[in-house]
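Okay, so here's the structure we're looking at.
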Amino acid sequence: MPIYEFQCDKCDHPFEELIFSASKIDEVCCPNCKSTRIHKQISLFGTTGSGTKSDASFASCTTST
9 MPIYEFQCDK
19 CDHPFEELIF
29 SASKIDEVCC
39 PNCKSTRIHK
49 QISLFGTTGS
59 GTKSDASFAS
69 CTTST
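So for the sequence shown, the numbering used here puts the first residue at 9; every next one is plus one.
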């Protein structure tokens, strides 16, 4: 169940919406002004981890053919 980011074309309000089905995207409206004139934003994602990786750490990776 992805969270989509939207922005309202009427009031410029940015918001997020949890969408259970891709067919439900057309039913989303702005929580600020209730307009259906919205567009999806390009979403970024983050990852967490510890440590660092250097290019040298990938030198030992091999592929078999």
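Using N, Cα and C, we set each Cβ at its ideal position, and we do this for glycine too.
| Check | Outcome |
| --- | --- |
| Per-residue DSSP class, three states only, for I27 | coil |
| Residue burial classification, F14 (beta-carbon count within 10 angstroms, cutoff 16) | buried |
| C-beta atoms of I33 and K18 nearer than 9 angstroms | no |
| DSSP-derived helix/strand/coil call for K32 | helix |
| Element boundaries [beta strand (DSSP E), containing C16] | I11 to C16 |
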